[in-house]
Structures are given as structure tokens and as C-alpha cells.
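The working numbering numbers the first residue of the sequence shown as 14 and each following residue consecutively. Notes follow once the structure below has been shown.
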Amino acid sequence: MIEASAERAVPPCEHFGSCGGCALQHWQDAPYRRWKADLLRGALQRAGYECSPAPLSVSPPRTRRRMDLGLRREGGGVRVGLHVPRGGTLVDLQECHVLHPALFALLAPLRTLLRGLPALRREGSAVANLLDAGPDLLLHLDAAPSAADRAQLAAFAQANGLPRIACAVGNAPPEPVCLLRPATTRLAGTVVTPPPGAFLQATAEGEAAIVAAVLAGLPEKLTARARIAELFAGCGTLTFALAGRARVAACEGDTGAVAALQAAANAAGLAGRIAATRRDLARQPLAAGELSAFAAVVLDPPLAGAAAQSAQIAASGVPRVVYVSCNPAALARDARLLREAGYRLLAAAPVDQFPWSARLESVTVFAR
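Put into C-alpha cells, the structure is as follows:
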């Protein structure tokens, strides 16, 4: 650096520059907001669209309700944290301006627990979702937990207010080892029990912004018989909100997420409004002919996007497409398919759930 910019900020965290979680020094000022919005504008320009995105929705610091941290036994203790950028060193987190305080408060007692847990031989990971019922913890370990390990985990859950702890060893599916009460959360007012380690939106503020933008992007007039195809539905972050507008055919590849979604719909009396189907949309996308009967398609694909599925959507002629993206590069590729099929851009809303990072989510709406 030759000369520091006037917009340069002092990082608030001691781990900045070494921890792989944050890459930017500021998060709230006008240049930052313009830059984040430009990530979405640039992606759509590469797809052939010109737009002025809606105002950026930014989640405040210390609101992240999901964490995925590495674990490593080292020097008589256990490191709990994130890896350095492009490296194998694990930064032992002593402060964090991103995580919700209820999750960050688990780190110190988790180190103490794992130091005396033989099931962590060398390294693993800890995934936690902050549910309405409390932090839901999934531990990936490198040895099967013994009866004594399970007793320690139950005591940890009791002492720290966790409803459930599950463990996974190697490629085996997670197994609940401690269940003190139902591990539930509400999605659009419906009680859901997500599987251990399930994908949920990173912040409550971000989830609310995404749901609002998705609902705003639906056709204004939907008949009583109208149906919405929801692709990559997860546990129902969008499903239950969509069901208030039309019948929903929800497709998801993860077996546990589909089961949780359908169980929640049945318990809420929504079986007639929501039908959940397990389907690997990367390998078996819904075909154009299957999609053409829907009034709208809503999709929330993973980081890699949904190239194969987007091609089928473009060929279907479905009148409305609402695309929830967590990767501007993938959005640019998939949106180009829609533009080439004659879809016009109606709206674009950037959502920043990851302050101090280059990550951006967005909701874009297309129509024929």
C-alpha cells in the first residue's frame, strides 16, 4: 500500500487478517454499501440486464445464528475456530464480531468439554444452529463416542441450554446422542424440527429480508388453484410463507430436510397446501414440461447455482421466476439463460448477511 484511503477503517477484531471469516475492515458506510450492491448489479449486467438494485439490507454485527468451526487437538488443549485464508492453520477464536453472543458463548465451554472427550482424537468440526429452542450442536468427530463421552455431552447440553447434540463419525450420518427437549424453530410461524446441521439462513434479519423480497416477487393475482414450484426448499425457510399465497410443490435433495418439512406441514394442518418431494435437482432437474403448469418457480440453489435446472426453467415458459442467490457469479450464468429465453428483469434486491466479507445474497425476479 502506497497511501491509505480516507475510507480505510481500523478492524474491530484482533483476528482480522489471520482468521478466514472476515476479509473487509468496514461494513456499514456508504462506499461499502455501494460496493455490495455493485456485486449484484455487475452479475446482472454480465447476464445482459441493466438494473438499479433495491437498497441493500444489511444484518448487524453479532447476529450470525449459524457457525461451522474447525476443531483440533493441539498442545494439551483444543483449538476451536476458523482456518487462515488458503491455509491449514486453525485460528483459535477468542473474539468474534459476527457470531450471535449465544453461539460465541459456547466456544469456551466447548474447548473444556473437548479437551476431555476421547472421541475427538485429533480433529473435527462443530456446526451449530441457533434455534428458537436454543443452540443445536452437531459434532463431527474422528472416533465413535463411548458411553462416558455421551454422558459428558449430555452434561454439557444441560449446563449450556442446548436442546440437542448430535455426532457424526467419518461419512456416517449424524446420530443424536442427547435430546433434552425438541430442537425446534419457527419458519414463517410454523414450528419445524430441522435435522442436525441443517442449512438455515445465516441471520434472522437476512431471512426476513429474503422472505419479503420473494413474496413481493410473486404474481400479484394468484387463483385458488395456482401452484408454485419451490426448488431447493431445504427445511421450509420459504415454503411456509409461500403456502400463504398458493399451493406449493417443494423439492429438496436432502432426505432429512424433506422429512422435517413434510412433518412440520402435516403438524400445522398444511398437508393440502404443501407437498414435499425428495429430488436431486442437480442430477434430475424438473423438466420444462413439468414446470410449465406452475404459476411461478422459486429457487434457492446452493453456492454453485443451478445451471441444469435454470435451463429447464428457461425452456418451460413459466410466467414468473424468483431466484434466491448466494453467489453473484452463479447468478450471472443462470440469469443469462433466462434472458436468452426472453425473460425480463422485474426486481433485484441485495441482502448482506455476511458483513466484513465479499459474500452477497440476493433475490431477483424475472417474468415472461
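Just so it is clear, CB atoms sit at the ideal spot from N, CA and C, and this is done for glycine as well.
Taking all protein chains shown into account, K49 has 16 or more neighbouring C-beta atoms within 10 Å of its C-beta and is therefore buried. Nearest to S375 by alpha-carbon distance, out of R47, L154, S70, A60, is S70.
Boundaries of the alpha helix (DSSP H) harbouring R349: 341-353, taken from the DSSP string. When the five nearest sequence neighbours on each side are left out, the beta carbons in the same chain lying within less than 7 Å of the beta carbon of Q325 are those of P298, L299, A300, A301, L304, in order along the chain.
Linking P114 to A327 through their CA atoms gives a straight-line distance of about 43 Å. Straight through space, the alpha carbons of T125 and R86 are spaced by roughly 11 Å. The distance from the Cβ of L130 to that of D162 is about 6 Å, consistent with a contact at the 8 Å cut-off.
For A360, the enclosing beta strand (DSSP E) stretches over residues 357-365.
DSSP lists L144 as the beta-bridge partner residues of G147.
Contact between the region 280-293 and the region 219-236 is not established, with fewer than three Cβ pairs separated by less than 8 Å.
Shown here for P341: same chain residues with a beta carbon closer than 8 Å to its own, the five before and five after excluded, namely L52, L53, G55, A56, L373, S375 in chain order. Secondary structure at E63: coil, using DSSP grouped into helix, strand and coil.
The beta carbons of A263 and A246 sit closer together than 8 Å. Under DSSP, T377 takes part in a beta bridge, and its partners are Y336, A361.
With contacts defined by Cβ atoms closer than 8 Å, T198 and V190 do not form a contacting pair. Contact between A215 and Q366 holds: CB atoms are separated by about 4 Å, below the 8 Å threshold. The beta-bridge partner set that DSSP reports for C191 consists of I178.
L150 and S323 have their C-alpha atoms roughly 34 Å apart.
L231 sits in coil when the DSSP states are folded into three classes, being neither helix nor strand. Taking a C-beta distance under 8 Å as the contact criterion, L106 and L95 qualify as a contact pair. For secondary structure counted as the alpha helix (DSSP H) over 4 or more consecutive residues, the region 84-157 holds these complete runs in sequence order: 114-117, 120-128.
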